[in-house]
Amino acid sequence: MNKNFGALVVDAGGFENLDFQEKNCRNFIDKTRHLRLGKGGGEALTDYFKRMRLMNDGFIYVVDVDEELRIINVFWANAHSKAAYEYFGDVTTFDTTYLTNRYGMPFAPFVGVNHYGQSILLGADLISSEDIRLKTSIQSALYDSRTCADFEEKWGQLIQKYNLGDNAWLQGLYNERPFWVPTYLKGVFWVGMSTTQRSESMNAFFDGFVHSGTSLKEFVDQFDNALRKKVEVETTADFNSSNQTIPCSSPFRIEKQLQVVYTNAKFKEVQREVWGMILCNCILISKDGYISTFNILDEITTNDDNVKSVKYSVYFNEEECDVKCTCALFEMRGILCRHALNVCQMKKIHALPDKYILDRWRKDLKRRYTVVKSSYDDLRHNADSRRYELVVKRCLKLATRVSPSYDHVNAFMRHLDEFENQFKGLTLESGST
Numbered sequence: 001m002n003k004n005f006g007a008l009v010v011d012a013g014g015f016e017n018l019d020f021q022e023k024n025c026r027n028f029i030d031k032t033r034h035l036r037l038g039k040g041g042g043e044a045l046t047d048y049f050k051r052m053r054l055m056n057d058g059f060i061y062v063v064d065v066d067e068e069l070r071i072i073n074v075f076w077a078n079a080h081s082k083a084a085y086e087y088f089g090d091v092t093t094f095d096t097t098y099l100t101n102r103y104g105m106p107f108a109p110f111v112g113v114n115h116y117g118q119s120i121l122l123g124a125d126l127i128s129s130e131d132i133r134l135k136t137s138i139q140s141a142l143y144d145s146r147t148c149a150d151f152e153e154k155w156g157q158l159i160q161k162y163n164l165g166d167n168a169w170l171q172g173l174y175n176e177r178p179f180w181v182p183t184y185l186k187g188v189f190w191v192g193m194s195t196t197q198r199s200e201s202m203n204a205f206f207d208g209f210v211h212s213g214t215s216l217k218e219f220v221d222q223f224d225n226a227l228r229k230k231v232e233v234e235t236t237a238d239f240n241s242s243n244q245t246i247p248c249s250s251p252f253r254i255e256k257q258l259q260v261v262y263t264n265a266k267f268k269e270v271q272r273e274v275w276g277m278i279l280c281n282c283i284l285i286s287k288d289g290y291i292s293t294f295n296i297l298d299e300i301t302t303n304d305d306n307v308k309s310v311k312y313s314v315y316f317n318e319e320e321c322d323v324k325c326t327c328a329l330f331e332m333r334g335i336l337c338r339h340a341l342n343v344c345q346m347k348k349i350h351a352l353p354d355k356y357i358l359d360r361w362r363k364d365l366k367r368r369y370t371v372v373k374s375s376y377d378d379l380r381h382n383a384d385s386r387r388y389e390l391v392v393k394r395c396l397k398l399a400t401r402v403s404p405s406y407d408h409v410n411a412f413m414r415h416l417d418e419f420e421n422q423f424k425g426l427t428l429e430s431g432s433t
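According to UniProt numbering, the sequence shown is numbered sequentially starting from 1.
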């Protein structure tokens, strides 16, 4: 604290130029380091967590407190979000910009992308404070850096500016920069996710339920309502994808192949690439053994309605049926681009290998999280959910009984293996009761 206050004095050009004392600075930091829960907020939050834990063992929450046992941060996730994380936790954003309520508590959702490209909540956090100036500097280093060297320079500047050289957490983040800094992640699978898009999507997620004037008590009451509504939207999309077929727009066999397996939302993205093939001119540049190199001239319409020609390179391995485009659409969004599809058409590839058909986008998979209730205040769940919850509760009881003994655990696991083997090769259908 003394070191940081001294830095403020230097920046201001002397004590006489500061309109606050070190005591004021300490008081401000003390206030912002813990949650100001507001009237009834702490009780509402505690009651909510107790109720959720009582109704389902899959609900978890973690409360971070300071030396005086005042709440600093709160994290929670219900069983539905935890189960969804198994499928969609490979790409996750942590957005502190979405909502700051009247008590100055940023609500920070952990957000993934489901099989329709929709935002799906994987966890939630209330955090006590954030340093706006430091946040701005970090954002500049992240999003204004075009190269790795740019990021290194900007990161070094912010560490020096805020005297954070001894901060172990930031040092840990820096060491893991290849896993989260955008300039290091070009060509890495992002499921089409950007910070701006997910933030906008989360606005729609909670729209009509919470806003900047929402108290914590009101927030707790409305949180499950918003989550339940989102699950209803996904359930409707599941029904439509299973019962409504979008017609193919061409005789292109790969389009038909993806029509059968992809959700409607993702098949529409495929169709946009199929339509875009019309504007592509494919030219063979070289061939070396099984490897062919093509240049694709793509006509792009700009925001000011001008048309320009953009060149992409596509590499095709005939032996392995492997296609790769410099636009990296498949690597980043999981949808094969028009340029690669153009080459597939030229090479008379009538069906894509399985490696280009992502399970993430499939409509013919039954995902476990869909039978887990999204809200444990909602008793109107379906038969699948009731059966699932019955099995989970029984297994949890058994786990508690056998876990103290290795012999009991080994015996239990053997019985589970035998039971699991009975279902190998069988397709389990959802029942109605």
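A virtual CB, placed ideally from N, CA and C, is assigned to each residue, including glycine.
This structure is a prediction, so every number in the text was calculated from the model and none was measured.
Annotated three-state conformation of residue 68 is coil, per DSSP. Within its own chain, the residues whose Cβ lies closer than 7 Å to the Cβ of residue 87, once the five positions on either side in sequence are excluded, are 367 and 369, listed in chain order. Scanning 107, 127, 302 and 111 for the CA closest to the CA of residue 66 turns up 127. If you draw a straight line from the Cα of residue 309 to the Cα of residue 215, it is about 53 Å long. In this structure, the beta-carbon distance from residue 316 to residue 286 does not fall below 7 Å. Going by DSSP, residue 301 is part of the beta strand (DSSP E) stretching over 291-301.
Residues of the same chain with a CB within less than 8 Å of the CB of residue 188, apart from the 5 flanking positions on each side, are 331 and 332 in chain order. Under the 10 Å beta carbon count, residue 80 is surrounded by 16 or more other beta carbons and is classified as buried. Residue 282: member of the beta strand (DSSP E) spanning 280-288, first to last residue.
Nearest to residue 77 by C-alpha distance, out of 110, 55 and 209, is 110.
The three-state reading of DSSP puts residue 241 in helix, counting H, G and I together. In this structure, the straight-line span from the alpha carbon of residue 424 to that of residue 177 is close to 42 Å. With contact defined as three or more Cβ pairs closer than 8 Å, the stretch 338-357 and the stretch 268-283 are in contact.
In its chain, beyond the 5 residues on either side, 261 have a beta carbon closer than 7 Å to the beta carbon of residue 364. Short of 6 Å from the beta carbon of residue 48, and not among the five residues preceding or following it, lie these beta carbons of its own chain, in chain order: 220. DSSP, reduced to helix, strand and coil, places residue 87 within a helical segment of the structure shown.
Our two residues, residue 416 and residue 311, have alpha carbons roughly 56 Å apart in a direct line. Contact annotation: residue 318 and residue 356 have beta-carbon atoms that are not nearer than 7 Å.
When DSSP reads this structure, residue 112 sits in a beta bridge with 120.
For residue 168, DSSP assigns no beta-bridge partner whatsoever. Residue state for residue 93 is assigned as strand, using DSSP reduced to three classes. When DSSP states are grouped into helix, strand and coil, residue 327 belongs to the coil group.
About 5 Å separates the beta carbon of residue 340 from that of residue 323, a gap short enough to meet the 8 Å contact definition. Residue 73 has 64 and 127 as its beta-bridge partners, per DSSP.
Between the alpha carbons of residue 226 and residue 275 lies a gap of roughly 36 Å. Counting the other Cβ atoms within 10 Å of the Cβ of residue 420 gives fewer than 16, which makes it exposed.
Proximity to residue 181 across 209, 150 and 167 peaks at 150, based on C-alpha coordinates. Straight through space, the alpha carbons of residue 165 and residue 172 are spaced by roughly 12 Å.
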